[in-house]
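Quick notes on the structure that follows.
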Amino acid sequence: MQDFSLTSNTKTKFPHGFMSQLEKRLQGILRGTERRPEYKEQVVKRTFAEAYTALTEPGFRKRMDKERRVEDLVLIFYSNTTKSLQKGKTADDDESWKNLVDRHVALFVRLISATLKDLEKDKDRPELMSRLATLENKLLTNSQDLYVNSSTGPGGGHSIEVTAPIFGMSNAEVQTDIDLNKNIWTESAALNDLKSYQHCLNANTKRTLRSEDFDVDEGYQAWKRAEIPELSAMISEILQARPDLVKASSKNGALPPLPPLTVPSPGADDQAYADLARTIAIPLSKQSLELLTELCVRWRIPQFSRLILFLDVASQKFLDQEIGLDELDSAFEFIKNPPSEPKRAHTHTHSASLSSFDHNHWTIHDFALYRQILTNLHDALLRDLYDLLQHCYEAKPPSPGPVLLILETHIKSDPLFSTSPGGYNAYVEQLVEGLKSKAAEVYREYLEAEVPQNQEEWEFFHVVQLGKSVVKLCERIQKRYRKNPEIMGVNPLTILVETMLPSFEDDANDLVQRILHVAHMKDSEVPLQDGFDLYKELVDIQDLLADFVWRWIRTADAKTVDLVDQAIKQDQFQVRSDHPDNVPSDDERHSVSIIDIFRLFNQMADQIFQLNWADPIQHAKFMTALSKSFGIGLARYCEVIEQKFSKEMDRLSPAQEAAASQSKQEKWMQLAKEAWNNKEKIEPFQFYPESFVKLNNIEYAVQQLDTLEKTLNVDACADLLAKNAPPVEKKRRSAKYVFTIKIVEGEDLKSCDPNGTSDPYVVLGDEYQKRLAKTRVIMRNLNPRWDESVDITVQGPLNIIATIWDWDTFGDHDYVGRTSLKLDPAHFSDYMPREYWLNLDTQGRLLLRVSMEGERDDIQFYFGKAFRLLKRTERDMTRKITDKLSQYINNSLSQEALRGLLSRGISVASVTSLWKNRQSVAPTLGPQDVENALKPLFNYFDENFAIMKQTLTDASMIMVMTRLWKEVLLALESLLVPPLSDKPSTQRPLTQQEMDIVFKWLELLFEFFHARDEETGEAMGVPADVLKSPKYHELASLNFFYFDTTDNLIRTSERMATATAQRAQQQRNRLSAPATLGASFGGLMGSTSMRRSKSIMLSRNLGTMKKAKEEKRKQAQADPSDDMILRILRMRPEATAYLRDRSRQKERLAAAAAAEMIVRQSLASGGGPRFGANNLPRR
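With the UniProt record's numbering, the residue at position 1104 of the sequence shown is 1104, and numbering never jumps.
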């Protein structure tokens, strides 16, 4: 009590009103209504009765209300308890009552703590609660259990009180029975029983478990290994308590005789254990569990058998409706996490969970019983779930949650549970039919309640009320199951809508017709307001149905990427041919993955079309959402296919694999040998047919997407939504912008290889170190041209970093240089493309072309984005194929090849004639010699084209050949002129003879790619209009300027530049409007779109892309450029100053044009804050 008296403050006093509540608890103990079992003993009630009189004395009660000190309460209770217990002494020397004083005071302290918790004052007085707990623990030093019956005897009062009700006997009768048999039920008899069992275990008799009772022998051995030490521990425990039995046991020597065998197997003990468990009133109470554990130990029942039997009892009681779902859940939790048992040597295994035992080590009987329990419970719970769901359309239905919890947590998740798919499907069908019947019944009740029986009394009001009831029920069910819309694969809301709404539609039609007919017969009119109310109600029903469509679209959108991945995973990318001996047609040269994907897309679209939605605007919105899903699916397909394609194309060749296994010395010897021969052997690349099939799939996707675009009538949907668009919100939403970055070329890069060149590629990343793109590798080139694009979606400014690396076959790649650029939507508010020459941090520079578009929720935008992604993937894959051939092209059309051709006419005699002062004659080359120089290249093309022709479709083949033609033109162009730059070049111009050879090669290669049939004259290769590209015309124009004087070239360049500037000015003037027109600049945005020929909106189908390409070709032909002249002037040292001035002039003109465009757009928008850092125009 000193703990309370040392410090006394408000926190250690009981609160006001505490005494009244304590009196009620004391009265409950005296009446026998107290819920705690430790207060139900008669001796406890007698002690508390005497203390109650002192505690309720008016003077003491008044003092307690004033001082509120706990120690006064405890002291007065202690004094009265001592008096009460002294009265029960049986003799003068009886000291047993002293221990009861501490126990009863501890009970009183516990009652004080419980009363404070009832008043919810325990958290306010943590110090008081702590001191009460400390005092209680000190008082319990001599007695650890407050709930001990006062009965005594060999069996113990605790066991008597638990076992007596099992046999229907009173405590006194049980005690009497114990007294009569205590000479027989001795420690010696228990020891003999254990020794007999031990003997049977060693002798492998039928009195114990045997190997035949287990499915595998390992299970029997595991049980036996655990059983032997437990038996030894139990025997040792008895001998420690009765050391005299050791002598008696050794004196008798032989084992006690075995009783007659009356039990065929230990299963009878299991059954007795189970029967006993059924009779226990509170199966999960501490006393019951202790008794069951003790019986399990004495009867030698394995722990896994005990737990399975316990579950069997709980299962049977649940099936007999004696316990509920909570108790069944507790039973499962008990076998999974049984409570810890007293730490005795022979009970340590009886606190293990069922999952801790390997089910293969169970007995056969237990294994079969456990599976049967799960099956029986599963069937019973499904029946209960069916009954519960029959009430799901009621106002306050019972919750199926507890049933589903047990099914999912305890039964279906168990690896030993199994059910047939047929049985599950049959249950689902039965459940669906039951819910349909219930929904129809609910609708009939609404119909009877809202619509009168007499048809003459029908009004539109009744139809409206019936519709409101239907809609209200649907909304309530939708809200009720919004988190878990499906139960066992069944959607109650879907069934309700599918059942009620068609019935309402039919009945509403009949009701309306009948109402109008009656009104006509009576020569009266239906009130207008009733008609409006009916229409509004029907619109609400349509909105309810629209929500189902949106949910279906969202579900389909969420599954699109996974379905695409599954389609790719199942595809072998082989040509499909029903007749392997025949040449496959183009329709058979794409694989099943892309077919499955577009079959999925068409099915999704057909699902919407089949609705025959009456509202065209809503239909257009559905199609817009679907187009977004299509774009996401195709983006995923392109991403995975391109990754697989790149892996196949970037694999090492056999020569590279052999080189990888060489030692360092062997590699140096090989490099020296190649340098001495000055020639690198180029082996043809072995293409996989699967790679070509992937390219065919992308080409097929482009065609199918174009067909799908026409099927969805994209332009009509976009126009309809544009005409009926809601007013623009004043509050601006967070906009998204799509930047298209084209990595064009590099110039004067750092050399990283021993041969004085590099193999550069560009890696594009953002400021968060996320990789955005990676270009292909350009072999042995310090002025590479990539022409590769990437789309980046941003919501605000973003810094991008471009790093150039030198690719090496072995070891780490070398660093070439790095540069950065800030993408800020505010700087691209005119949506015009811009070019940036970015200086690298080492040497050289990188050219990037950047344009921006606003992200739009528009069906044309989504299709345009998907088309552009497909075409870009197709272009990148084609480029990877042609890159494998471009090295041979560059070698065949190089300066070395040209010099080698010209040196063929020189002989030993012609060389020695130089020493004889004779005039040497230049070698003469005939047309056949020039053509023969290309024969290796033609043969190389023929070999590769033959391989491609076996797999590629005609369209893909033409695409590859067209790209190769572009590589040929670039190779010939590099022979004639250096790249465009403002710096002079070290490249020397060709002679007239070399020029003639190059153009003869151009003619021969044109005929080869055109592949005109000699008999029919039909073009079998690339069409002539495709071959005669702007690049082809630029090469042809070199004939007019190549050998002209420098002054003439400069004058021609100036004249072209002036003409180009004048045309640009005329174009801008033509787009300008008079000042009186104010902000009407309709043609201005059209001009921007025309100049930006690769925008997403101009790529929304094959027609728009073809039109944009034709416009670009016409523009190139209409606006001759002086770029070729400037490239010729790079080889003229005297034109260095002009090149520098012309480059600066171009930069000034471009900056002025961009500034003027921004001003014009600002004026067109009314001069307001349309173009601001935080308010960009949306397109």
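Even glycine gets a Cβ: it sits at the ideal position worked out from N, Cα and C.
Because the structure is a prediction, the values reported are computed rather than measured.
Any idea what DSSP makes of Gly817, helix, strand or coil? strand
Distance check for Gly401 and His378, CA to CA, integer angstroms please. 15 Å
Could you have a look at Tyr862 and say whether DSSP puts it in helix, strand or coil? helix
What does DSSP give as the partner residue(s) for Tyr836 in the beta ladder? Leu848
Is Ala556 near Met500, with beta carbons less than 8 Å apart? no
Alpha carbon to alpha carbon, what distance is there between Arg551 and Arg834? 42 Å
For Val1022, does the count of other Cβ atoms within 10 angstroms reach 16, so buried, or fall short, so exposed? buried
Cα-Cα separation, Ser974 to Pro760: 18 Å
Could you tell me whether the segment 619 to 631 touches the segment 708 to 724, where touching means 3 or more Cβ pairs closer than 8 Å? yes
Nearest neighbour of Met234, chosen from Glu294, Ile178 and Arg207 [CA to CA]: Glu294
Nearest-angstrom Cα separation, counted from Gln478 out to Gln465: 20 Å
How should Asp942 be labelled, buried or exposed, when 16 other C-beta atoms within 10 angstroms of its C-beta is the threshold for buried? exposed
Hey, does Tyr940 have any beta-carbon neighbour from chain C nearer than 8 Å? Going by chain labels, chain C is absent from the structure shown, which holds only one protein chain.
Give a yes or no on whether the C-beta atoms belonging to Gly434 and Gln390 are separated by under 8 Å. yes
For the pair the segment 412 to 424 and the segment 368 to 382, tell me if three or more CB-CB distances fall below 8 Å. yes
Nearest residue (CA-CA) to Phe687, options Glu648, Asp719 and Ala773: Glu648
Reducing DSSP to helix, strand and coil, say where Lys822 ends up. strand
In whole angstroms, what is the alpha-carbon distance linking Gly1086 and Asn783? With a pLDDT of 32 at Gly1086, under the threshold of 50, the predicted position of this residue should be treated as unreliable, though the coordinate-derived value follows. Gly1086 and Asn783: Cα-Cα distance of roughly 36 Å.
Which residues bound the beta strand (DSSP E) around Glu745? Tyr737 to Glu747
Could you say if the segment 33 to 42 and the segment 13 to 22 meet the contact criterion of at least three C-beta pairs nearer than 8 Å? no
Taking the beta strand (DSSP E) that Asn799 belongs to, which residues open and close that run? Leu798 to Asp806
In the segment 460 to 509, which residue ranges form an unbroken alpha helix (DSSP H) of at least 4 residues, counting only runs that do not cross its ends? 460 to 480
Leaving aside the five residues before and after Asp954 along the sequence, list all residues of the same chain whose C-beta is less than 8 Å from its C-beta, in chain order. Asp586
Where does Ser593 land, buried or exposed, given buried means 16+ other C-beta within 10 angstroms? buried
Rounded C-beta distance between Pro616 and Leu473? I'm assuming under 8 Å. Not confirmed; about 29 Å, so no contact.
Might you give, ordered along the chain, the residues of its own chain that have their beta carbon closer than 8 Å to the beta carbon of Pro264, omitting 5 neighbours on each side? Because Pro264 carries a pLDDT of 41, less than 50, the predicted location of this residue cannot be relied on, and the following value inherits that uncertainty. Only Lys206 meet the Cβ criterion.
Quick check on the DSSP output: the alpha helix (DSSP H) that includes Trp223 runs from which residue to which? Asp217 to Ala241
Skipping 5 residues on each side, what residues in its chain have a beta carbon closer than 7 Å to that of Ser20? none
Please list, in chain order, all residues of the same chain as Thr115 whose beta carbon is under 8 Å from its beta carbon, the five residues on each side excluded. Phe18, Gln21, Leu22 and Arg25
Check the DSSP bridge columns for Ile792 and list the partner residues they point to. Phe739
Would you call the CB atoms of Ile800 and Leu821 closer than 8 Å? yes
With the cut-off set at 8 Å, would you say Asp787 and Val744 are in Cβ contact? yes
Any idea which residues DSSP pairs Asp765 with across the strands? What sits at residue 765 in the sequence shown is Gly, not Asp. Gly765 is bridged to Arg771 and Ile801.
When burial is assigned at 16 or more other CB atoms within 10 Å of the CB, is Ala722 buried or exposed? exposed
Length of the line joining the Cα atoms of Ser1089 and Phe861: Here Ser1089 scores only 35 on pLDDT, less than 50, and its place in the model should not be relied on; the value that follows carries that caveat. Straight-line Cα distance between these residues: approximately 14 Å.
Per DSSP, the bridge partner or partners of Phe214: Thr363
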